[in-house]
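First comes the structure, then the notes that go with it.
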Amino acid sequence: LVVLLIANLTPVVVIDLRGAHTAASLPQAIHLTWLADERIVAVLAAITAIVAPALLIGLRLMVLAPLAAGHKGPYFALCMRALHEASRWSMVEVLTLAAAVSIVRMAALAHAVPGPGMAAFAALALLLAALESGGMKHLWQEVR
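Numbering (the working numbering), first residue to last: 1 to 144.
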């Protein structure tokens, strides 16, 4: 959750072009995309890079926090089903790769440096992949 907050609140890229300096976080970039009338792209970026990862993390906390306390949460089955569906929409690794390629391509036009948000998105992609590899199916048998 902390890494997701860092990723969304800090600049993903810092660009310097002929003395003009700009830094943009992902929510700012999504907002600018919306204002540029690319609303479908903005909505998809928001869902796959902000909403779905936040939902995954929140649902995991709702499932695992009560289990760590020694009991099953009241919405365990609903959260497990939602986790299964939400995992299909989280595409942080795709966003990280696309941002890295964009920064490299931008470097030919301006001075572009990855910001702390880029490192946080890379860390988030690794953390979410590690969480997914552990799986959650074994919890169904343990909770019964």
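C-beta atoms are modelled at their ideal positions from N, C-alpha and C, and glycine is treated no differently.
Handout entry: Val-12 beta carbon less than 7 Å from that of Met-80
Key = no
Practice task
Could you please give the first and the last residue of the uninterrupted alpha helix (DSSP H) stretch that includes Ala-46?
Solution key: 39-46
Problem - Neighbour-count burial assignment, Ile-40, 16 or more Cβ in a 10 Å radius - result: exposed
Exercise for the section: State yes or no: is the C-beta of Ile-6 within less than 7 Å of the C-beta of Ala-120? Expected result: yes
Practice task
Please check the pair Phe-76 and Val-63, which I expect to be a contact at CB under 8 Å, by giving their CB distance rounded to whole angstroms.
Solution key: 6 Å
Problem - For Gln-28 and Val-14, the rounded distance between their alpha carbons - result: 13 Å
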